[in-house]
Amino acid sequence: MQGLPSAGTFDLVIFDHDGVLVDSEIIAMDLCARLLTEHGVPTTVDEAIDGYLGGSLDAVMDAIESAGAVIDRQAFDTRFHDELFDGFRQGLQAIPGIRTLLEQLDVAGIPFVIASSGSSQRVNLGITTTNLVEFFPEDVITTRDHVERGKPFPDLFILAAKRAGIAPARCLVIEDSPHGIEAAHRAGMTVVGLSYRTPAARLSAADWIVTDAADILPLILVS
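Going by the working numbering, the sequence shown opens with residue 875, and the numbers climb by one from there.
Structure follows, in structure tokens:
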């Protein structure tokens, strides 16, 4: 864990989507565990969190195929997202305090973007359902649809910084998963682990760990 950064250290804040902006991880991991089990890979929700939180759906399908099952990957992807989006529409909420943080960054003139291992459709539904869409025009959203490799590879974060015109070393990433933290560090960025749903012990590789979104702003606006 680092001490407080010096003033003006960061020129861009990069938010993960699931578990950082919107409280979607429990919905997604419950579905992930259910589908894995159904396809011959018995998995609890806790095991899904340990193995797949912050990763891409490709990893889930890889696990099923490694267990010997034959699946139609496109059909599996469609079913997963159909059921996930139904869950979003039925009760997805923003992470507590995140809207206030976005408003404060806006007022301070600090740009912020999204870099998510989820699809663009997933992210757009998430921020629309939780009324955060006003903060994120399409050109500041980088998703799995824009890169060849998702987290833990650094591609998403590198592209998000490039699109914003900011050097990776000047970016602060807000993440909630070990895969995301690894990806951000591999991109040469500093990471805050947000331990809202994720146990802090799983975020130990982050530069800082906070349990409340309100604790993020002081790391950015150091006097």
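Quick reminder that beta carbons are idealized off the backbone N, C-alpha and C, glycines included.
What did DSSP end up calling I1048 once you bin it into helix, strand or coil?
strand
Cα-Cα, which of S993, G961 and L1091 is closest to A902?
G961
How about V894 and E1049: are their beta carbons less than 8 Å apart?
yes
Local conformation of D1019 per DSSP, three classes
helix
Only counting the same chain, and skipping five residues up and downstream in sequence, which positions put a Cβ closer than 8 Å to that of G914?
I938, A941, G942 and A943
Quick check: the Cα distance between T917 and V1047, rounded to an integer number of angstroms?
30 Å
Can you name the start and end residues of the alpha helix (DSSP H) that A933 belongs to?
L931 to S940
Pick from P985, F954 and N1005 that is closest to R973, judged by C-alpha positions
N1005
Any 3 or more C-beta pairs closer than 8 Å across the stretch 1013-1028 and the stretch 977-995:
yes
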